Amino acid sequence: MKFEFRQWGSDGVLSHLGPGEVHVWNALLDPASTDIGRFSEILSQDEKERASRFHFEKNRNEFIISRGSLRVLLGSYLGVPAHELGFAYSRYGKPCLAGSDEISPMEFNLSHSEGIVVLAFTKGRKVGVDIEYVGRNFDFEEIAGRFFSLAEQRMLRNTPREERGAGFFRCWTRKEAYIKAIGHGLSQPLSEFDVSLAPKQISALLATRPDPSEADKWLLRDLPVTAGYVGALAVEVDRDNPCSHGN
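Okay, so the sequence shown: first residue is 1304 according to the numbering used here, each after it adds one.
Now the structure itself:
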């Protein structure tokens, strides 16, 4: 499997996504961006109504940029005008292309946090992505106690105290990316699977319950995001060759 990490605006829009490739885009959510007007014009009526429900202009503009960027990139990959794309949603809210069986087996996911959005694209395999800003002050150990598995809580306690905050975010983003990839949202308890979190431990889905074989079907990767953020990607490995993870 081949991974491409791209910064929006750095070297154009990729128009080809080959078999076994995963493209991840990173973009700034500048609420004063000159692209807001252009992006607003390509949104669907439903998206425009969703945008209008945001109380604060900053949040509204960030939504417009996120959805507009998604449309521009999908349109480029598929050779379809961005404004013509339609979206459907799973019972848990995961977006997909409406009529995607007729258009392309394109899979995508996006996540945003404090001025950054990441967007992941691949074909024929499920994908999920998450990004989190690490500058917030909160009781991460209390949250870990509520949502992490017992194995993850032990790993976090065994992490040097000065590394625990980073360990928490590594764990959280990896778990969120996997949950978003399978499309179950928070209907599936986060404690039903284990991910790695130690400083020198490779990003991995370590165990899944009740089906242990599920862990072999997924590849987790950390994202090279801007300092002050942590990001993770979860992607389904080749169904016919689950041990072939590529680079």
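Even glycine gets a Cβ: it sits at the ideal position worked out from N, Cα and C.
No experiment lies behind these values; they were computed from the predicted model shown.
Could you check how far apart the C-beta atoms of residue i and residue j are, in whole angstroms? I think they sit under 8 Å.
| i | j | result |
| --- | --- | --- |
| Ile1482 | Leu1493 | 7 Å |
| Leu1536 | Ala1401 | Wrong, their Cβ atoms sit about 24 Å apart, outside the cutoff. |
| Ala1484 | Gly1431 | 3 Å |
| Thr1462 | Pro1502 | 7 Å |
| Glu1455 | Val1498 | 7 Å |
| Phe1450 | Leu1459 | Wrong, their Cβ atoms sit about 12 Å apart, outside the cutoff. |
How is residue i classed by DSSP in three states: helix, strand or coil?
| i | result |
| --- | --- |
| Gln1456 | helix |
| Leu1377 | helix |
| Arg1353 | helix |
| Thr1337 | coil |
| Gly1396 | coil |
| Asp1442 | coil |
| Gln1348 | helix |
| Asn1544 | Because the pLDDT of Asn1544 is 49, which lies under 50, any placement of that residue in the model is unreliable, and the number read from its coordinates should be weighed accordingly. Of the three classes helix, strand and coil, the one that applies to Asn1544 here is coil, per DSSP. |
| Asn1461 | coil |
| Gly1534 | strand |
| Pro1322 | coil |
| Lys1361 | helix |
| Gly1549 | Reliability fails at Gly1549, whose pLDDT of 48 lies under 50, so the model's placement of it is uncertain and the value that follows must be treated cautiously. The answer is coil: DSSP assigns Gly1549 none of H, G, I, E or B. |
| Phe1390 | strand |
| Ala1385 | helix |
| Ala1584 | For residue 1584 there is no data in the structure shown, the boundaries of the chain being 1304 and 1550. |
| Leu1526 | strand |
| Leu1332 | coil |
Of all the options the options, which has the alpha carbon lying nearest to the alpha carbon of residue i?
| i | options | result |
| --- | --- | --- |
| Leu1523 | Arg1353, Glu1350, Leu1400, Cys1474 | Cys1474 |
| Lys1333 | Gln1348, Trp1521, Ile1419, Asp1442 | Note that residue 1333 is Asp in the sequence shown here, rather than Lys. The shortest Cα separation from Asp1333 among Gln1348, Trp1521, Ile1419, Asp1442 belongs to Ile1419. |
| Glu1344 | Glu1324, Asn1329, Arg1374, Asn1362 | Arg1374 |
| Tyr1436 | Ile1446, His1415, Leu1453 | His1415 |
| Glu1385 | Arg1353, Lys1397, Ser1347, Val1421 | The identity of residue 1385 in the sequence shown is Ala, whereas the question assumes Glu. Ala1385 has its Cα closest to that of Ser1347, out of Arg1353, Lys1397, Ser1347, Val1421. |
| Ile1434 | Arg1309, Val1528, Val1325 | Val1528 |
| Val1538 | Gly1396, Trp1521, Gly1340 | Trp1521 |
| Phe1515 | Glu1495, Ile1368, Asp1349 | Reading the sequence as shown, one finds Pro at residue 1515 and not Phe. Among Glu1495, Ile1368, Asp1349, the Cα nearest to that of Pro1515 belongs to Glu1495. |
| Gly1323 | Arg1460, Met1409, Gly1438 | Met1409 |
| Ala1510 | Phe1359, Leu1453, Thr1476 | Leu1453 |
| Tyr1551 | Val1325, Ala1354, Val1540, Ser1490 | This structure does not reach residue 1551, given that the chain is present from 1304 up to 1550, and the question cannot be answered. |
| Tyr1395 | Leu1489, Leu1508, Glu1479 | Leu1489 |
| Arg1439 | Phe1472, Arg1460, Met1458, Gly1448 | Phe1472 |
Would you say residue i touches the ligand GTP, meaning its beta carbon is less than 7 Å from a heavy atom?
| i | result |
| --- | --- |
| Glu1435 | This structure simply doesn't include the ligand GTP, nor any ligand for that matter. |
Classify residue i: buried if its beta carbon has 16 or more other beta carbons within 10 angstroms, exposed otherwise.
| i | result |
| --- | --- |
| Leu1377 | buried |
| Ala1335 | exposed |
| Asn1544 | Residue placement at Asn1544 is poorly supported in this model, since its pLDDT is 49, which falls under 50; the coordinates still yield a value, given next. Result: exposed. |
| Gly1486 | buried |
| Tyr1392 | exposed |
| Tyr1337 | Note that residue 1337 corresponds to Thr in the displayed sequence, not to Tyr. The residue in question, Thr1337, is exposed, as its Cβ has fewer than 16 Cβ neighbours within 10 Å. |
| Gly1534 | buried |
| Ile1446 | exposed |
| Gly1340 | exposed |
| Ala1530 | exposed |
Please report the residue range of the beta strand (DSSP E) in which residue i lies.
| i | result |
| --- | --- |
| Thr1511 | 1508–1511 |
| Lys1520 | Neither: Lys1520 is in no beta strand (DSSP E) and is coded neither H nor E. |
| Leu1413 | 1409–1416 |
| Phe1424 | 1419–1426 |
| Glu1435 | 1430–1436 |
| Val1498 | 1496–1498 |
| Phe1306 | 1305–1310 |
For the alpha helix (DSSP H) that contains residue i, what are its first and last residues?
| i | result |
| --- | --- |
| Glu1479 | 1467–1485 |
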